[in-house]
Amino acid sequence: MNNLIISLKNLFHKPLYVFLSIFSLSTSVALLLGIQKFDSSIQNQFENGLGNIEMVVGAKGSPLQLVLSSVLHIDNPTGNIPYTEVQKLSKNPMIKDAVPISYGDNYKGYRIVGSTLGFAKLYEAELLEGKEVNQSLEVILGNDVAKKLGLKLGDTFLSSHGLTENTIEEHDQSFTVVGIYKPTYKVIDRLIITNLASIWDVHHHKEEKEEIHDTHEHEENHEHEHERNTHEIDEREVTSILVSFKSPMGLMTMPRNINAQTNMQAALPKYELERLFQFTGVGVKAISWIAYVILLISCITIFISLYKMVKERAFDLALMRTYGASNFQLFCIVAVEGIIMVLVSLIIGFLFSQIGLYYLISMFKSQFQQDIVLTFSTLQMVQTLGIIIVIAMVSIVLAILPILKMNISKIISDEK
Amino acid sequence: MVQTDQLEFQYKNKEQLFRFPNITLKEQEHLLILGKSGIGKTTLLHLLAGLQKSTAGSINIDEVLINSLSHSQLDKFRGQHIGLVFQKSHAITSLNVYDNLKARLFFSKKAIDEKNIAALLKQLDLIETKKSKVNELSVGQLQRLGIAMAVIHQPKLILADEPTSSLDDENCEIVMNLLQQQAKKHQANLVVITHDARIKSSFKNVMTL
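So this is what it looks like as structure tokens:
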């Protein structure tokens with residue numbers, strides 16, 4: 340027999356109170372830890388996904404859409420821009436790299452992005468196996484894509500038109516896997532990389548097929564292709580250009596110039612993401628506030644349950660005093676009951692938050708093909724747990740303070 | 005040995021001053037204190053148990069002046085040397101009969117002797133109920149448990165406050181016999197306060213307040 344056993348037996352004696360207190364406190368712990376961890380992981384994932392991209396240039400439209408589509412690959416592009424603009428921009432002395440990307444097809448939901456060798460450098464991606472793309476219709480797989488689709492070097496596949504998985508609009512030219520990148524934990528992990536020529540070839544071939552089908556002019560096929568090739572240099576388009584600068588000066592002047600003087604728009608990924616986080620942050624803050632309100636309610640529940648326990652068991656506590664228990668011992672017995680409730684709530688809350696995050700991330704993954712690496716600042720977690728523990732402890736102490744003022748003689752006389 | 009001298013007590017914010025006659029009990033002596041309601045019987049018992057501190061006078065139990073002890077010393081002394089029996093018997097509701105006796109020894113800081121507990125439960129005809137919760141016991145079983153709780157730690161002084169008031173004649177006799185047997189077994193002084201005249205014949209020493 341010891342204080343802990345007595346505390347545990349007391350807890351099991353009032354299971355409903357204990358269940359309600361633990362349920363409400365663990366819910367608030369799960370919400371607080373879960374939402375903070377999810378928010379921090381998403382922010383970290385997005386910021387990490389930017390790689391070395393400081394500016395995106397694309398067709399006019401929403402700058403956030405341009406960043407989400409061309410940098411994070413979770414939205415549709417705003418349109419296309421002429422390839423000649425890439426060549427012009429590359430010559431600008433303030434620009435370190437201008438990497439064109441072109442996309443519009445997918446394979447089983449994974450985007451096929453046509454670009455140059457510079458694209459992998461933006462994400463510091465290195466080959467795990469295979470070689471770089473040398474010819475049209477060769478691809479290198481991001482690490483996640485290779486794992487999820489189980490593709491190996493030498494495998495071939497047919498791409499589908501559009502950015503969502505479908506088998507209706509399949510192209511009839513097959514891509515061949517020539518390389519797989521090492522994991523980078525950035526956007527490139529879930530992309531299929533090829534060269535620009537592949538994208539242009541697949542789409543020209545499709546347009547060509549459509550024209551053939553429409554006009555039934557099979558015999559003119561060769562002539563038609565020849566005509567197209569002669570105009571190709573001027574007509575080629577890309578979706579956007581990913582830019583990194585030699586110095587911050589470029590970042591300060593170029594976006595304004597592009598937006599004012601061209602038919603294109605320049606967007607700054609970091610700025611746009613901050614704006615996005617401000618919007619999503621409102622939701623996160625609201626959920627956090629709700630969690631804090633639940634925390635407060637659950638601490639009040641613990642307070643009421645302990646206070647009620649102290650009041651209802653006043654005679655039991657007074658009896659213990661007549662048996663020789665000191666005030667401090669009674670204080671410890673009831674405090675341990677509260678501490679057990681808080682500890683169990685913290686453990687259950689933490690487990691709930693992990694289960695919740697698992698489902699949230701699975702949902703995120705299936706909707707956006709986005710793998711989230713869970714990150715959480717230890718300081719933030721310590722702060723959150725600290726707040727929970729302090730509020731809970733204050734409730735416990737307030738609830739059991741009456742023990743110190745207990746008049747055993749009166750309680751025993753009254754009970755007669 | 006129990007000895008009180010010029011014992012007085014006054015409740016806070018109340019005018020009534022209780023003055024109690026001196027008590028002198030040699031080893032193993034028993035005393036019955038009779039008195040009307042409101043005369044201060046329970047107050048005297050609480051003073052003897054150290055649950056209240058007297059405003060004047062002294063209480064000497066086995067050469068220890070209990071009114072000079074600090075709160076923590078008093079808790080310890082009460083736990084180890086005094087056993088209390090109440091009119092309406094109580095025990096810790098969250099514990100079963102057996103665990104209540106173990107808790108009693110734990111709070112008294114005395115070694116838990118399972119054989120001794122079992123023997124006492126057998127003696128008091130409670131062995132069948134040792135795993136029962138307190139609220140599952142009958143009034144008679146509860147009263148016997150109250151006696152067990154008062155003697156399990158082998159006290160020097162057993163104090164009983166109206167232990168038979170709510171009992172019929174048969175149970176009144178059983179409880180009184182048990183109390184006296186246990187006091188004799190543990191070589192303890194027994195002080196019973198009551199207004200129940202039925203038990204007067206069980207005592208040689210009777211004091212009326």
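Just so you know, the protein sequences line up as chains A and B, in that order.
Going by the working numbering, the first residue of the first sequence is number 340, and it counts up by one from there.
Going by the working numbering, the first residue of the second sequence is number 5, and it counts up by one from there.
Each residue gets a CB set at the ideal place from its N, CA and C atoms; glycine is no exception.
Computed from a predicted structure; not experimentally measured.
M433 (chain A) in three-state terms, based on DSSP:
In the structure shown, M433 (chain A) sits in coil (DSSP, three-state: anything other than H, G, I, E or B).
Between F111 (chain B) and Y662 (chain A), which are expected to be in contact by the criterion C-beta below 8 Å, what is the C-beta distance as a whole number of angstroms?
Yes, F111 (chain B) and Y662 (chain A) are in contact; Cβ-Cβ is about 4 Å, under 8 Å.
Strictly below 7 Å CB to CB, what residues from chain A border L88 (chain B)?
Counting only Cβ-Cβ distances below 7 Å, L88 (chain B) has contacts in chain A at T661, in chain order.
With the cut-off set at 9 Å, would you say I413 (chain A) and I580 (chain A) are in Cβ contact?
In terms of Cβ geometry, I413 (chain A) and I580 (chain A) do not form a close pair [threshold 9 Å].
How many Å lie between F691 (chain A) and A625 (chain A) at the Cα?
Approximately 20 Å, taken between the alpha carbons.
Tell me the rounded alpha-carbon separation between V649 (chain A) and I739 (chain A).
The alpha-carbon of V649 (chain A) is positioned some 7 Å away from that of I739 (chain A).
In chain order, what are the residue ranges of uninterrupted beta strand (DSSP E) at least 3 long that sit wholly in the stretch 381-457 of chain A?
Taking only runs of at least 3 residues, the beta strand (DSSP E) segments lying wholly in the stretch 381-457 of chain A are 394-398, 434-446, 449-454.
Within the continuous alpha helix (DSSP H) that includes D173 (chain B), where are the two ends?
Per DSSP, D173 (chain B) is one residue of the alpha helix (DSSP H) stretching across 173-189.
Quick one: what does DSSP say L194 (chain B) is sitting in, helix, strand or coil?
If DSSP states are grouped into helix, strand and coil, L194 (chain B) belongs with the strands.
Tell me whether E559 (chain A) is buried or exposed, calling it buried when 16 or more other Cβ atoms sit within 10 Å of its Cβ.
In this predicted model, E559 (chain A) has a pLDDT of only 42, less than 50, meaning its place in the structure is not dependable enough to derive any value.
Specify whether the stretch 465-481 of chain A and the stretch 409-426 of chain A touch according to this definition: at least 3 beta carbon pairs, one from each stretch, less than 8 Å apart.
The answer is no - the stretch 409-426 of chain A does not touch the stretch 465-481 of chain A, with fewer than three Cβ pairs under 8 Å.
Just checking: is the beta-carbon of Q617 (chain A) within a distance shorter than 9 Å of some beta-carbon in chain B?
Not an interface residue.
Do you know how far the Cα of T366 (chain A) is from the Cα of R108 (chain B)?
Our two residues, R108 (chain B) and T366 (chain A), have alpha carbons roughly 38 Å apart in a direct line.
contact_flag[the stretch 77-92 of chain B, the stretch 156-169 of chain B] where n(CB pairs < 8 Å) is 3 or more:
Flag = yes, the stretch 77-92 of chain B and the stretch 156-169 of chain B touch.
Spatially closest choice to E67 (chain B) from B:Q7, B:L51, B:E132, by CA coordinates:
Residue B:Q7 is the option with its Cα nearest to E67 (chain B).
For the alpha helix (DSSP H) containing Y102 (chain B), name the first residue and the last one.
For Y102 (chain B), the enclosing alpha helix (DSSP H) covers residues 101-111.
Should F654 (chain A) be flagged as near chain B, meaning a C-beta pair shorter than 9 Å?
Judged by the 9 Å Cβ criterion, F654 (chain A) is in contact with chain B.
H157 (chain B) burial status per 10 Å Cβ neighbour count (16 or more: buried)
Per the 10 Å Cβ criterion, buried.
Could you tell me the boundaries of the alpha helix (DSSP H) in which T661 (chain A) lies?
Element bounds for T661 (chain A): 653-661.
Does the distance from the CB of L36 (chain B) to the CB of V179 (chain B) come in under 9 Å?
Contact: no.
May I ask you to report which of helix, strand or coil DSSP gives Y698 (chain A)?
Here DSSP, grouped into helix, strand and coil, assigns Y698 (chain A) to helix.
Distance check for I686 (chain A) and I728 (chain A), CA to CA, integer angstroms please.
The straight-line gap from Cα to Cα measures roughly 12 Å.
Distance CB(V396 (chain A))-CB(I641 (chain A)) smaller than 9 Å:
Taking 9 Å as the Cβ cut-off, V396 (chain A) and I641 (chain A) do not qualify as a contacting pair.
Rounded to whole angstroms, what's the CA-CA distance from L347 (chain A) to I672 (chain A)? Just pull it up for me.
L347 (chain A) and I672 (chain A): Cα-Cα distance of roughly 9 Å.
To test your reading of the DSSP string, which unbroken alpha helix (DSSP H) runs of 4 or more residues are found completely within the stretch 34-77 of chain B?
Runs of the alpha helix (DSSP H) inside the stretch 34-77 of chain B: 45-53.
I need the boundaries of the beta strand (DSSP E) containing V582 (chain A), first residue and last residue.
Note, V582 (chain A): beta strand (DSSP E), 579-584.
Taking K114 (chain B) as the reference, give the member of B:L125, B:S142, B:Q84, B:L171 with the closest Cα.
Ranking the options by Cα distance to K114 (chain B), first place goes to B:Q84.
Note down, in chain order, each residue of its chain lying with its Cβ closer than 7 Å to the Cβ of P402 (chain A), except the 5 sequence neighbours on either side.
Same-chain partners within the cutoff: Q604, A606, E611.
Cα-Cα, which of B:L11, B:Q20, B:N139, B:L55 is closest to G61 (chain B)?
Out of B:L11, B:Q20, B:N139, B:L55, B:L11 has the C-alpha closest to the C-alpha of G61 (chain B).
Is the beta carbon of I197 (chain B) less than 9 Å from the beta carbon of L183 (chain B)?
With respect to the 9 Å criterion, I197 (chain B) and L183 (chain B) are not classified as neighbours on the basis of their beta carbons.
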